[in-house]
Amino acid sequence: MYNRPKHTDTEDDILKMQEEFFKNKGNNSIQPAAKVVNVQKDNVPSKSESNTLLNDSLQIANTFEAIPTNANIGSIVQKVNVNSGVVIQPFLHKRGFPEAKRRELNTRPCKGSIFSQHMKKQKLDPVPCEIPLTVRENKEHPDHSCILTGQDKDAIHKENVSILQQMTVDEIKEEREKLLSTMDPAIVAFLKAKRQNVNESRTKSIAEQNEAAQSFEVEDVEASREVLDVENSDRWLNFDSVELGKLAWMTEFNVPKCNKGDVYEARFDFEGWILPYSAPMTESNRSLYHHGEEPGRPGYTLQELFQLCRSSVIQQKIVALNTISNILALVQSGVYDNIIDIPVEQIFFVLRFCLDDNTVSVLNAGVKAFRNLFYYPIDEACLDNLLGFGLGQVQPLLAVDHSETDDDNTVNDQQLAETNLIKCLARSDILKRIRYIITTVKPSVETITYCLEILIRLARDSDYIAKRVFECEDLIASIVRFFVPCVKVGEDTHSAYGCPVVQAVKLVRILSSRNKMYAVQFINRYNLMASLSFYLSDATFALNSNGLKLQVEALHLWSVFVHYNLAMDYFEQMQPILIKLLDFHVKKTDLASSSYCIQSHAAALLIFLSAAFRSNASCAGQFLPLLHEYALSKWVAQFGSLSDVKCGRLQIITALLDCCTTLLVTSRDTVQAHVKKLLHSNGFNVVTKNIRNASNLLNNYEVHKPAANLRSVEAAAWDAPDRIIPVMQTSSCIPFVTVLSRLIIQCEQSIKVAFLKHGNISNYLKLLNSTSNYCLVSNWFTRLESELIANCLKIAVSVRNEVDVSLFYEVAIKSLSIYNSEFKEDIGYILRNIVFSTSFYPCELLINNLHIEHGNDLLVETLNNLDQIMNVYSAVLNIKSETRDNLFVNLSTGTVMPIDWIYSPIIYLYMNQQKNKEVISEKQQVNIVTNCLRWIYLYETYFPNLAKLINATDRYCRLACTFLGSDNLFLESEIHNLLEACLQHIIKNHEENINFNRPIEGLNNFQDFYTQLLEQYQGVSYGDVLFGNFVLLPLIQRHSVRYRKTLWSEYAGIVQIFNVTAEQVVCPVELFLTPEETDISLLKCYRRALVTGQIRKHSILYTIANHHVNRFLSRKNENKMQSS
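Here it is in structure tokens:
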């Protein structure tokens, strides 16, 4: 016997043991631990003993008795090629399954069981085969199968060959026909193709793979040289032979090269960053090299990560999921914008399959990746931060499809994922899966947090999805029971169960904001207020940041309830606690030194008090002394001494101003005194100094936009400071100034003037006026700036005699196109008090335009009907304030008024005519078009700088829609005069800027629009001169020849009836004559019309055709004379 090596043995001891072992092995002196004795032939038992053995074996098989101790087992043989005498029943293919055998009733128990007796009888009386066995000799069959795979393929192939050898040719043909008639032709074709390509697709054997290592030298591997150079390495165990096939994998790889402009597949490291095409191997990236398709490139492609996600090795699965999670996190931040396109749909399905794995570590990685696909942390952080400024209670509705119908399964999962990823997620029973994870798997706090964040994103989607979340059986009840409990936080922080979780409270807030009914059920059914009261009253929650965040979220949730006039009965019970919290912050919290978490807590408290005071003003009585005597004095003074701007440190002063807006009625003098002090402080100047950099409208940063099948609020902007949009950056003052402007609207005149005339505010308004195109208009966070501008305009209306009204009028006109449906009331106020109010018009404009000839009557009529014009625009644009029963605003509706809103009534009639939406009486049509043209004429005359904001080509097309919106409106006297005046103004001042080749807003193709105009002229023009001038404008020589060809060839009938003379043309005639026409086909059309007399000689078309034909003939004659 040999002892195993011990840990105390040295290397020499082990080598000595090895030499001794090989020496004894060579001398055959090694004694095995056990021997197998082969009984020789002379020891073979006799026949009687063999029968006894057989009987014993049968007895064992049938009665399961113990093995006799005197049984002689006999020899151990490797193979026995002796016929055992067992009758093999051939397969009777005509009968199908074998017939069931019945036991004979006369069999009586004796030696052995009844079953063994029956089997013995079968052996003695074998059943003859009914089908003759024909062994086909000299029939060659392949030695391996081309179709079968797996470990048993050889055995199955031999069995099949054996069956075929026992069948006749006819039987084989018969079976073949049966198979071909029952099998799918596609499967048959696939099997044939597989047989043909088997040699090409067959996996190489180990021997074939090792052929690549035949030309390999050991010295090529640096690692092997280092090992083999060690002294006595040749004596190590199993180091006597060199395995070249394995060492070949350790050779130095050739670093691949990529030419400029080549497209290659992106590879990522484990942190989700894209790696360069090639890089030298270092210790930091050594683990990123693997034996994939490109062994010389580090990192993993998405397809390789997808494959690893399906691996049976848990570690590989977790690494792949974590890598995909990191990639998605970077995609959300905008790092890869305009660099790579991530296949979101493929990632979705891969992750959804992984989410069904109940292994805790795999589940955590899968849920995290799934969360990073749908939940945008940057967006959520920005939305939550606005709550502390009193601006975040209204939430965005992030739905791609707003249909309230159930999923009808008319499209498959892949198609649905390409159009609406959230709806596809809901179809995959994600709610039931999350419920199972929460109630049954019970994973760690991290996994629970990820699941709650996925539910938060679902709650922000359409009403249909939010309803499914709220009504999912036992889901909300389990979340409230486990993660919003009315219990004290235990010491065990490793488990989330029984402990309050901030994300769970936030989910309740989002769902409550969706519908008042949900809020009522949370209060009555789930008793949420008991939990919130406990969180706010228990001092242990204020000892750490997590507890403070929980209290902040609890205050925001209570504010939502108060918005619906719910849970106010708890205010009286909690009043001592709230006073205590406010007293603590007034005494201990500072703007400059306190942490952001503490300041957020103070701001949340003030925002909640403001909401409570709005709901019931009598609640403010006991809070007034603290707010007026201490809070205002302390925090306004600290604000005035600020030396730098940090948006987070403005939460308290902003929330305090919001609270003061509610209390202004009861303590106006005190509040106004502190507001004056704030406006004239150095801190206000410091805070608003960089207001231009904080503006969304004035900074054109490219934000990260998700795929079309998913929606977000688009807060991430990788190229911007802080990687987010300007209005939410750390240096932004927009939230503070917006809330301040709310308060100043209600203050006295001197405070309003001081605010508008402050240098920083005034410069900001001038920048808004000088900017032609605003940026990020559709971004959710631009609504803060929209409210600020609307408030400034409201303030300017009340002090119009003390400010420059021209500045505010132009800002008002430009800003109308940035307001969404949330600001309909503000839009109506601006239109009524600024845009359509003569008292707000600059006096010098009214005086300077009195001398305009032929326009006085139209201008006077327009100025006398501004109220009527206002009503028309309000009706067409649907500017009517809407009452909301929730706190959500649809993000996809866009702005209420387009940039070219002054033409909206005409476009409205044109679209209604094209789509036959509704029947509008002729009187209504005349009223709409008349008032619209009145305003356009006044706009073009009084405010040419504002009119230039709309391209001249767009203005022409929109005026031309008047002819297409109705068949006879242009024949009305006033409409005709207004149209003519507007067209003359455009031609006179902007004719050179008209370009029909550029994209036209609202039109896919000007050629189609012009064709419509020609058809309308041919049908209903009655030879109208004004209509003819609109048709003529695209025929100017500098425009595309295809418009001239359309008129002269496809609509030659217009040429016959066209009667506009050269004197009646609005444009200079020279524009139609120069440069000379060179298109031969068009010149032929000109000549044909002249020769056949299909053109009126007094019309401008005759002048045009005659001029170009004569000039062509002159050039032709000149060329002939020169050539001769």
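Quick note: the sequence shown uses full-length UniProt numbering, first residue 1, plus one each step. We put the CB at the ideal spot given by N, CA and C, even for glycine. What you are looking at is a predicted structure, and each value in this text was computed from that prediction instead of being measured.
{"Asked": "Between the Cα of residue 940 and those of 620, 862, 613, 1023, spot the shortest distance and give me the residue it belongs to.", "Found": "862"}
{"Asked": "Tell me whether the segment 400 to 409 and the segment 315 to 334 touch, counting them as touching only if at least three CB pairs, one residue from each stretch, are closer than 8 Å.", "Found": "no"}
{"Asked": "With a threshold of 7 Å on Cβ separation, who are the neighbours of residue 582 within its own chain once the five nearest residues in sequence on each side are excluded?", "Found": "605, 623, 626"}
{"Asked": "Counting only the same chain and skipping the five closest in sequence on each side, list residues whose C-beta sits under 8 Å from that of residue 1026.", "Found": "970, 976, 979, 980, 983"}
{"Asked": "Could you spell out the range, first to last residue, of the beta strand (DSSP E) harbouring residue 888?", "Found": "888 to 890"}
{"Asked": "Would you list the residues sitting across from residue 300 in a DSSP beta bridge?", "Found": "268"}
{"Asked": "Tell me, to the nearest whole angstrom, how far the beta carbon of residue 634 is from that of residue 597; I am working on the premise that it is less than 8 Å.", "Found": "The Cβ separation is near 20 Å, so there is no contact."}
{"Asked": "Kindly give me the distance between the Cβ atoms of residue 434 and residue 475, rounded to whole angstroms, as I take these residues to be in contact under 8 Å.", "Found": "7 Å"}
{"Asked": "Report the three-state DSSP secondary structure of residue 694 (helix, strand or coil).", "Found": "coil"}
{"Asked": "Taking residue 522 and residue 528 to be in contact with their CB atoms under 8 Å, please state how far apart those CB atoms are, rounded to whole angstroms.", "Found": "5 Å"}
{"Asked": "Note the first and the last residue of the continuous alpha helix (DSSP H) segment covering residue 343.", "Found": "From DSSP, residue 343 is part of no alpha helix (DSSP H); its letter is neither H nor E."}
{"Asked": "At what residue ranges does the segment 321 to 390 contain a whole run of the beta strand (DSSP E), taking only runs of 3 or more?", "Found": "none"}
{"Asked": "Alpha carbon to alpha carbon, how far is residue 734 from residue 913? Give it in angstroms, no decimals.", "Found": "44 Å"}
{"Asked": "Measuring CA to CA, which of 671, 771, 710, 709 is closest to residue 748?", "Found": "671"}
{"Asked": "Note down the Cα distance separating residue 580 from residue 615, rounded to an integer number of angstroms.", "Found": "21 Å"}
{"Asked": "Are the CB atoms of residue 694 and residue 731 nearer to each other than 8 Å?", "Found": "yes"}
{"Asked": "Could you name the residues of the same chain whose beta carbon sits closer than 7 Å to that of residue 428, not counting the 5 residues immediately before and after it, in chain order?", "Found": "352"}
{"Asked": "Suppose you measure from the CA of residue 456 to the CA of residue 507; what does that come to, to the nearest Å?", "Found": "5 Å"}
{"Asked": "Give me the residue from 800, 536, 584 with the minimum Cα distance to residue 573.", "Found": "536"}
{"Asked": "Is the distance from the Cβ of residue 788 to the Cβ of residue 391 below 8 Å?", "Found": "no"}
{"Asked": "So for residue 238, helix, strand or coil by DSSP?", "Found": "coil"}
{"Asked": "So residue 269 packs on residue 288, CB below 8 Å; how close in whole Å?", "Found": "6 Å"}
{"Asked": "Using 10 angstroms around the beta-carbon of residue 752, count the other beta-carbons present and answer buried if the total reaches 16, otherwise exposed.", "Found": "buried"}
{"Asked": "Could you spell out where the beta strand (DSSP E) holding residue 511 opens and where it closes?", "Found": "Where residue 511 is concerned, there is no enclosing beta strand (DSSP E), although the alpha helix (DSSP H) it sits in stretches over 502 to 514."}
{"Asked": "Starting from the N-terminal side, write out each stretch of the beta strand (DSSP E) that is 3 residues or longer and does not extend beyond the segment 387 to 431.", "Found": "395 to 397"}
{"Asked": "Is DSSP giving residue 1131 helix, strand or coil here?", "Found": "In the structure as shown, the chain starts at 1 and stops at 1124, and residue 1131 therefore has no counterpart that could be examined."}
{"Asked": "Check each candidate in 396, 767, 630 and name the one with the smallest Cα separation from residue 890.", "Found": "396"}
{"Asked": "So, residue 713 versus residue 938, is the Cβ gap smaller than 8 Å?", "Found": "no"}
{"Asked": "Rounding to the nearest angstrom, what Cα-Cα distance links residue 430 and residue 995 in this structure?", "Found": "53 Å"}
{"Asked": "Does the beta carbon of residue 1109 fall short of 7 Å from some heavy atom of the ligand NAP?", "Found": "This structure lacks the ligand NAP, and indeed carries no ligand of any kind."}
{"Asked": "If we count the other Cβ atoms within 10 Å of its Cβ and call it buried at 16 or more, is residue 958 buried or exposed?", "Found": "buried"}
{"Asked": "Does DSSP put residue 661 in a helix, in a strand, or in coil?", "Found": "helix"}
{"Asked": "For a test of the three-state rule: what should DSSP assign to residue 895, helix, strand or coil?", "Found": "strand"}
{"Asked": "Please report the Cβ distance between residue 1136 and residue 737, rounded to the nearest whole angstrom; I am assuming they are in contact, meaning their Cβ atoms lie under 8 Å.", "Found": "Limits of the chain in this structure are 1 at one end and 1124 at the other, which puts residue 1136 out of reach."}
{"Asked": "Buried or exposed for residue 566, please, with buried defined as at least 16 other CB atoms from any protein chain shown within 10 angstroms of its CB.", "Found": "buried"}
{"Asked": "Can you name, in chain order, every residue of its own chain whose Cβ lies under 7 Å from the Cβ of residue 530, other than the five neighbours on each side?", "Found": "486"}
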